Amino acid sequence: MTSDLSLASLAPAYIRAIAPYQGGKPISELAREFGLDEAEIGKLASKENPLGMSPKAHEALEAALADIARYPDGNSFSLRAAVSEKFAVQPDQIVFGNGSNDILELAARAFLTAGDEAIYSQHAFAVYPLVTQAVGATGVVVPAVDFGHDLNGFLAAITPKTKLIFVANPNNPTGTLLSKSALKAFLQQVPAHVLVVLDEAYDEYLSAEHTSEAIDWLQHFDNLIISRTFSKAYGLAGLRVGFGLMHAALADLMNRVRQPFNVNSLAQVAAVASLQDDDFVARSYAANQAGMAQMTQGLTRLGLSYIPSYANFVSFKVPNAAAVNQALLKQGVIVRPVANYQMPDYLRVSIGLFNENARFLHVLEKILQP
Ligand SMILES: *Cc1c(COP(=O)(O)O)cnc(C)c1O
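Under this note's numbering, the first residue of the sequence shown is numbered 75, with each subsequent residue one higher.
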């Protein structure tokens, strides 16, 4: 019998060095661990849409169940047409992913190889190091400034080995936002042979003045890859669908490393229906604005500081964050510790429905004032 140790040695050193992704704790797991009733658990850990999904998506899913025995359309024809129309890009400028995490990974697999460097910020989304390390490339971490991306630091970190730069805007888990002018000035200074992946997972949660104009910039920057998702404001996290927008020549390369059926048929129909429901996205935006105000006012009332957030979560500072997290779990409230993001004094809470936010604040208050 082989020992685990020798099995581990079968993987290259750069694979063994990867720290596993830590997601929000599933409700069922917490229920098992603490003997709680699932119905009493509030999950505010994974930035899921508390309104669920668009009723139009729900209807489309029910209709699509009849065809589940068939393989999906590997080119996502209908979804491609819908995204092309909605975002005013050519169909060949779009790459679809099994969630936008897949887009991030396809970018790494298409453009990075061992010895190359990818740049990302301290406290940036955990998937950037994951996909970089998985192809044997080297991650270059630029120290954050006020928890946000230091774009001048990014420029200074570019070397002849740099192939890819990951920018999250807004960023997770900090919720920080770069201004459009700062981003554009940055793109103008990045050498043409260095690709910039601009991850806009939370764009639908931005107010009109802040929403991205990056799609217009694709005309000027051939090295720009924009990543979008249906997991957040569209409420389809469980189905896994996202997309990248870029120059058609880059899309062609990313499609070569893509699994032919990476986006399942239910995800495709639900995404098409979701794009036709602007009202649902508007309601999700409004609910998030109200919930964010409720949450930040509540945190302030408890004397806690937080990082002002442009997304659907907020990271707040609390003494003994790990112990507070445990105490919250015992009360059936799941938030997200962010110690693995080098933020050991912070917890990240997703914006839920009014009652979920209120319950979280109430339980937190009790924990902090015994
Ligand atoms: C949640 C999130 C995503 C979305 O991931 P999916 O794979 O589309 O579910 C992408 N980027 C960031 C920064 C995120 O926080």
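Beta carbons are placed, not taken as given, at the ideal position from N, Cα and C, and that holds for glycine.
All of these numbers come straight from a predicted model, not from anything done at the bench.
For secondary structure counted as the alpha helix (DSSP H) over 4 or more consecutive residues, the region 398-438 holds no complete run. Your pair Leu186 and Lys237 checks out as a contact, with CB atoms roughly 6 Å apart and the cut at 8 Å. Boundaries cannot be given for Ser150, as no alpha helix (DSSP H) includes it and DSSP labels it neither H nor E. As for any alpha helix (DSSP H) of minimum length 4 sitting wholly inside the region 255-317, the runs are 288-291, ordered along the chain.
Under the DSSP assignment, Phe335 falls outside any beta strand (DSSP E); it carries neither an H nor an E label. Look at Asn175: its beta carbon is less than 7 Å from one of the heavy atoms in ligand 1. The Cβ atoms of Lys121 and Asn362 lie no closer than 8 Å to each other. Within the same chain, Cβ atoms closer than 7 Å to the Cβ of Asp176 are found at Gly316 and Asn336, the five residues on either side in sequence being excluded. When DSSP reads this structure, Lys391 sits in a beta bridge with Tyr420. By the C-beta density criterion, Leu84 is exposed, having fewer than 16 other C-beta atoms within 10 angstroms.
According to the DSSP assignment, Ile101 belongs to the alpha helix (DSSP H) that extends over Ile101 to Phe108.
Here the C-alpha atom of Val163 lies approximately 28 Å from the C-alpha atom of Ala198.
Assignment of beta-bridge partners to Lys117 by DSSP yields Ile408.
The three-state secondary structure of Ser383, taken from DSSP, is coil.
Not a single heavy atom of ligand 1 lies less than 7 Å from the C-beta of Asp277. Across the structure, Val270 and Arg106 are spaced so that their CA atoms are roughly 42 Å apart. In this structure, the C-beta of Asn431 stays at least 7 Å away from each heavy atom of ligand 1. Separation of Thr248 and Asp277 (C-alpha to C-alpha, rounded to the nearest whole angstrom) is 15 Å. Unbroken alpha helix (DSSP H) runs of no fewer than 4 residues, entirely contained in the region 116-194, are found at 129-138, 151-161 and 174-185, following chain order.
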